[in-house]
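Notes follow once the structure below has been shown.
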Amino acid sequence: MQIKQVYIYLLLILLLGSFQSRASFDQDTICKDSLIVASYVEGPHVRYISSTRVEAFYIVHDSIKNKTRKISKTFRFKNDTVTFLGFAGNDTLTYIIPHKIKPESGENPSNNKIVVLGDIHGEFESLLAILRYNKIIDEKNKWNFGDGQIVFTGDVFDRGDKVTECLWFIFQLEIQAKKQGGMVHYLLGNHEMMALLFDDRYVLDKYQHAAHYIHFHYSHFFDKHSVLGKWLRSKNTIVRIGEQLFVHGGISPDFLEKKMSIDEVNTGMRYHLNNYTELKDTTLVDLFLYSNSPLWYRGYLSRTPKYDRISLQEVLKTLDFYHANVIIFGHTPVAKVYAFYSFKLIGMDVPIGDPNYIDQGLLIENQKYYRIFAHKEKERLQ
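The sequence shown maps to residues -23 to -1, 1 to 359 in mature numbering (1 follows the signal peptide of the UniProt record, and there is no 0).
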């Protein structure tokens, strides 16, 4: 019995010594946050230092040693562009950042090839798999769609663990597409709005951990002084390509009553997001930022205490006002990409990365609609 007590006593001393030794490490190398997360390399995040220079940095966490560190480099714009290679972990990608980031038009001429992808939510590998299988990108994940167009209907943020990778992929894909006469449209969703406005309810611990380490809120990664933040603030809320109208949530009857043009909607959303804490005129806050917002509205498929499910007549009013023949939307989950109201509405939000569903997107080709997948041939929507 005495031997057992001595053994326990020695074990306690060893554990106490280990704790004291660990506590004596340089505090700059130990993550002070209470979150317990697996090892990660988060980044790059790129921030403007001046009109001519940026700082790119990663947060790198080693869960075995419980050490976290920031790795950074500064780069100078040359010919209005910053170009650098990834420099942390296994990141060897080339990042090209133009000096000028400005909004694209929300109204675009018809195109014979359009791919639409719903709520990605950080599921990077699933996104790549769909695009590779359908030859939208090549084996090096570069644009391979010629003068075609891709529409992301919002909600790239939250839930998944590769949000930053998705954002940079879309950022670079835009640049590559333009060189071939194509276009990438990344629409704002409610989770983009949440990321910009300090709502972190669905942000994974990995990102919270990285942000806390440098005394950030997660939203600071995407503030007005960051490249990704500036880029996100340039994005549109609704886009029309030919006679197809794209939006994340939908256009509610209350929103339609204001009779705002596509440009007015996009400009208005940017204004409300950029000036959220300083708004002097709050007349349209509910329509832009809350349940009736194009980012939040679910009335195309759902009934809520605030509104009934939209009628076909109300959908037709929206189509008539915006000179479109179909509205393609995300946000409200569907079991498969599906057409409603005789192809006046097409729902896109199939839960990507969820084993209970098949990852899929939409191909519009020669005015025909197809589901596209990561591992099987396309099928026509009927």
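We put the beta carbon where it would ideally sit given N, CA and C, even for glycine.
In this text, all values refer to a predicted model and were calculated from it rather than measured experimentally.
C-alpha distance - residue i paired with residue j, whole-angstrom precision
i	j	result
residue 226	residue 164	10 Å
residue 73	residue 81	18 Å
residue 190	residue 38	10 Å
residue 348	residue 92	10 Å
residue 231	residue 56	47 Å
residue 60	residue 70	10 Å
residue 326	residue 309	6 Å
residue 258	residue 252	10 Å
residue 245	residue 340	30 Å
residue 397	residue 300	Residue 397 is absent from the structure shown; the chain starts at -23 and stops at 359.
residue 312	residue 157	34 Å
residue 67	residue 297	50 Å
residue 342	residue 124	13 Å
residue 375	residue 254	Here the chain has residues from -23 to 359 only, and residue 375 is not among them.
residue 241	residue 43	49 Å
residue 222	residue 122	21 Å
residue 134	residue 101	11 Å
residue 22	residue 328	27 Å
6 Å CB neighbourhood of residue i in its chain, flanking five on each side removed
i	result
residue 110	351
residue 161	127, 150, 151 and 154
residue 94	129 and 338
residue 233	295
residue 54	29 and 76
residue 356	348
residue 316	323 and 358
residue 291	230
residue 106	351
residue 24	32, 202 and 203
residue 243	83, 213 and 214
residue 52	31, 59 and 61
Distance between beta carbons of residue j and residue i, contact taken as under 8 Å
i	j	result
residue 224	residue 304	7 Å
residue 83	residue 216	5 Å
residue 235	residue 264	7 Å
residue 33	residue 50	6 Å
residue 40	residue 15	5 Å
residue 108	residue 97	Contact doesn't hold; Cβ gap of about 11 Å is too wide.
residue 148	residue 118	That pair is no contact at about 13 Å.
residue 131	residue 159	Rounded, the Cβ-Cβ distance is 20 Å, inconsistent with contact.
Secondary structure of residue i, DSSP reduced to three states
i	result
residue 163	strand
residue 179	coil
residue 3	Unreliable positioning characterises residue 3 in this predicted model, as indicated by a pLDDT of 33, which lies under 50. A coordinate reading is not provided.
residue 85	strand
residue 32	strand
residue 149	helix
residue 60	strand
residue 38	strand
residue 90	strand
residue 316	strand
residue 299	coil
residue 208	helix
residue 126	strand
residue 107	helix
residue -3	For residue -3, the predicted model reports a pLDDT of 34, less than 50, meaning its position is unreliable; a value from the coordinates is still stated below. Note: residue -3 maps to helix in three-state DSSP.
residue 55	strand
residue 339	strand
residue 230	helix
residue 239	helix
residue 219	coil
residue 193	coil
residue 352	coil
residue 69	coil
Sequence-distant residues of its chain with Cβ nearer than 7 Å to residue i (five each side left out)
i	result
residue 138	99, 181 and 183
residue 283	268
residue 20	34, 35, 36, 65 and 141
residue 62	69 and 71
residue 5	Here residue 5 scores only 38 on pLDDT, less than 50, and its place in the model should not be relied on; the value that follows carries that caveat. Within the same chain, residue 5 has no close Cβ partners at all.
residue 89	342 and 343
residue 209	169, 173 and 199
residue 345	357
residue 307	95, 96, 130, 131, 132, 166, 225, 325 and 326
residue 302	220 and 296
Sequence-distant residues of its chain with Cβ nearer than 8 Å to residue i (five each side left out)
i	result
residue 206	173, 198, 199 and 200
residue 286	276, 277, 278, 279 and 280
residue 194	175, 177 and 188
residue 86	218 and 219
residue 262	249 and 256
residue 318	289 and 292
residue 116	109
Any non-hydrogen atom of the ligand MN closer than 6 Å to residue i Cβ
i	result
residue 264	Ligands are entirely absent from the displayed structure, and the ligand MN is therefore not among its contents.
Exercise. Hey, is the stretch 198 to 207 in contact with the stretch 172 to 188, meaning 3+ C-beta pairs nearer than 8 Å?
Worked result: yes
Exercise. Is the stretch 77 to 89 close to the stretch 104 to 122, with three or more CB pairs under 8 Å?
Worked result: no
Exercise. Using 8 Å as the Cβ pair cut-off and three pairs as the minimum, do the stretch 327 to 344 and the stretch 259 to 273 touch?
Worked result: no
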